[in-house]
Amino acid sequence: MFKGKARRPVSKTETYLKYGFVITEIKSYYCPRCGSILSAGPNYQPKYCPECGQKVSFKGIEWKEEKTLGYERRRVDLEKIENRVV
Numbered sequence: 060m061f062k063g064k065a066r067r068p069v070s071k072t073e074t075y076l077k078y079g080f081v082i083t084e085i086k087s088y089y090c091p092r093c094g095s096i097l098s099a100g101p102n103y104q105p106k107y108c109p110e111c112g113q114k115v116s117f118k119g120i121e122w123k124e125e126k127t128l129g130y131e132r133r134r135v136d137l138e139k140i141e142n143r144v145v
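Here our numbering is used: the first residue of the sequence shown is 60, the next is one more, and so on.
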């Protein structure tokens, strides 16, 4: 395919820990040619991939808000301060 012809980015739904403990679902967009992530959102959509130069078009894409799925539990119980050895 030609780099000059605009292609739609590939979208993937992913989860990550926001603030280290909030499980959040987001939709990420990737370059259809090289697979690198495109830093895109409702206020900014790049016209070209920063890695390979592929022209991308976000025309017709409906932007959705981040979705909070829940909260991460503590993995290790924290040691009480009075039992701490200094």
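Using N, Cα and C, we set each Cβ at its ideal position, and we do this for glycine too.
Could you work out which residue in the options is closest to residue i when comparing CA atoms only?
i	options	result
I85	A65, K123, K106 and V69	K123
Y92	N102, Y107, T72 and T74	The residue you asked about is not Tyr; residue 92 is Arg in the sequence shown. That would be Y107, whose Cα lies nearest to the Cα of R92.
E125	V69, P105, Y75 and F61	Y75
Rounded to the nearest angstrom, what separates residue i and residue j at their Cα positions?
i	j	result
G100	G63	22 Å
K77	I120	24 Å
P109	Y130	34 Å
E81	S87	Reading off the sequence shown, one finds Val at residue 81, where the question assumed Glu. Roughly 18 Å between the two C-alpha positions.
N102	F61	27 Å
G94	T83	22 Å
I need the boundaries of the beta strand (DSSP E) containing residue i, first residue and last residue.
i	result
I82	V81 to Y89
G129	K126 to Y130
I need the DSSP call for residue i, collapsed to helix, strand or coil.
i	result
S70	strand
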